[in-house]
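Residues in the sequence shown are numbered consecutively from 1, following UniProt numbering. Heads up, the beta-carbon is just placed ideally off N, CA and C, and yes, glycines get one too. Predicted model, so just to flag it, every value in this text is computed and none were measured.
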Amino acid sequence: MVGDIDLFAQECIAYATKLSAAGIPAELHVYPGGVHGFEDANPEARISKQFLATRDSTLKAALENQI
1 MVGDIDLFAQ ECIAYATKLS AAGIPAELHV YPGGVHGFED ANPEARISKQ FLATRDSTLK
61 AALENQI
């Protein structure tokens with residue numbers, strides 16, 4: 001999960017692509033207009049709420065061995 005204008009966006013995209021190519025399960029969610037730490041800077045923004053909901057559901061699924 002990364003904002004598309006995060007300084008690390010291209011590195012995150014490349015890493016997720018390499019994981020998938022190696023057969024390692026990976027999900028990538030890119031948030032348009034998101035800078036680094038946008039979810040903390042304004043947690044009430046729609047983009048932040050989407051990010052946090054996805055983060056929470058993905059973590060829950062991982063902990064329940066669903067992914």
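Runs of alpha helix (DSSP H) with 4 or more residues, each lying fully within the UniProt domain "Alpha/beta hydrolase fold-3" (1 to 38), are found at 9 to 21, listed in chain order. Assignment of A45 by DSSP, reduced to helix, strand and coil, places it in the coil class. G37 counts as exposed, since fewer than 16 other beta carbons sit within 10 angstroms of its beta carbon. Taking all protein chains in view, the Cβ of V35 is surrounded by fewer than 16 other Cβ atoms within 10 Å, so the residue is classified as exposed. In the pairwise beta carbon analysis, the stretch 46 to 59 is classified as touching the stretch 12 to 32: at least three pairs are separated by under 8 Å.
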